[in-house]
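Before any comments, here is the structure.
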Amino acid sequence: MQRSRAQTRFKISTKSRLSVRDITSQVHAAVPENMTGMATVFVEHTTAAVTVNECEKRLQSDFETALDGVINNTGWQHDELDGNADSHIRAMLIGASETIPIDSGELATGTWQSVLLIECDGPRTRTVSVTITPVANDQSSSMT
């Protein structure tokens with residue numbers, strides 16, 4: 007993990023063209039102890055996405071099936087260049103970032119919520135950045 011003042015980057019390898027990976031622990035590792043604020047999670051690619059949802063294997067499989075059903079992989083103009091227009095469209099619909107509240111050094115997520123990387127054009131190695139924004143009056147917000 008590479009860390010600068012308020013931003014951490016990490017790499018994650020995916021194993022298939024369309025997949026869901028739980029990155030909650032990597033995001034949590036970027037959060038300073040006892041800090042209150044916001045964590046913005048951003049995937050630095052145009053054919054991958056980030057979302058917050060339940061990390062359950064059957065739901066992940068259902069999600070992958072739904073994405074395949076909603077966005078087919080043929081007949082797109084961009085395919086003349088790279089053959090992956092469907093991957094770009096899936097990533098655009100899901101989004102490249104999520105912002106998650108931080109309370110006392112913990113991600114303030116619900117019981118079943120996890121931070122998920124959605125791979126739309128794998129297998130690849132993806133870079134995810136986590137930017138921490140402390141609240142103005144947080145005494146523990148030093149990013150050194």
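Each residue of the sequence shown is one higher than the one before, starting from 7 at the first, in the working numbering. For every residue, glycine included, the Cβ atom is placed at its ideal position computed from N, Cα and C. Small disclaimer: the values here were computed from a predicted structure and weren't measured.
Residue i - containing beta strand (DSSP E), residue span
i, result
"residue 49", "43 to 49"
"residue 132", "131 to 140"
"residue 14", "13 to 19"
"residue 88", "Per DSSP, residue 88 belongs to no beta strand (DSSP E) and is neither H nor E."
Residue nearest to residue i in terms of C-alpha spacing, selected from the options
i, options, result
"residue 111", "129, 33, 24, 21", "33"
"residue 127", "13, 15, 23", "23"
"residue 63", "140, 118, 139, 129", "118"
"residue 14", "140, 136, 68", "136"
"residue 75", "86, 39, 96", "96"
"residue 109", "140, 67, 65, 99", "140"
"residue 114", "44, 38, 39, 12", "44"
"residue 59", "87, 99, 116, 40", "116"
"residue 99", "77, 71, 130, 142", "77"
Neighbourhood of residue i by C-beta, 7 Å cutoff - its chain only, sequence neighbours within 5 removed
i, result
"residue 82", "91, 92"
Same chain, Cβ closer than 8 Å to residue i, neighbours up to 5 away in sequence not counted
i, result
"residue 101", "55, 56, 57"
"residue 132", "17, 18, 19, 20, 49, 50, 51, 54, 123, 125"
"residue 103", "46, 47, 48, 49, 56"
"residue 105", "44, 45, 46, 47"
Buried versus exposed call for residue i [16 or more other C-beta atoms within 10 Å across all chains shown]
i, result
"residue 31", "exposed"
"residue 36", "buried"
"residue 84", "exposed"
"residue 73", "buried"
"residue 80", "exposed"
"residue 42", "buried"
Bounding residues of the alpha helix (DSSP H) (the contiguous stretch that carries residue i)
i, result
"residue 70", "63 to 76"
"residue 92", "91 to 100"
"residue 33", "30 to 35"
Cβ shell of residue i (< 6 Å), same chain only, five flanking positions each side left out
i, result
"residue 66", "26"
Proximity test, residue i beta-carbon vs the ligand GDP heavy atom, cut-off 7 Å
i, result
"residue 74", "Absence of the ligand GDP from the depicted structure is noted, as is the absence of any ligand whatsoever, leaving it without description."
| said: Count Cβ pairs between the stretch 17 to 32 and the stretch 112 to 123 that sit closer than 8 Å; are there 3 or more? | reply: yes
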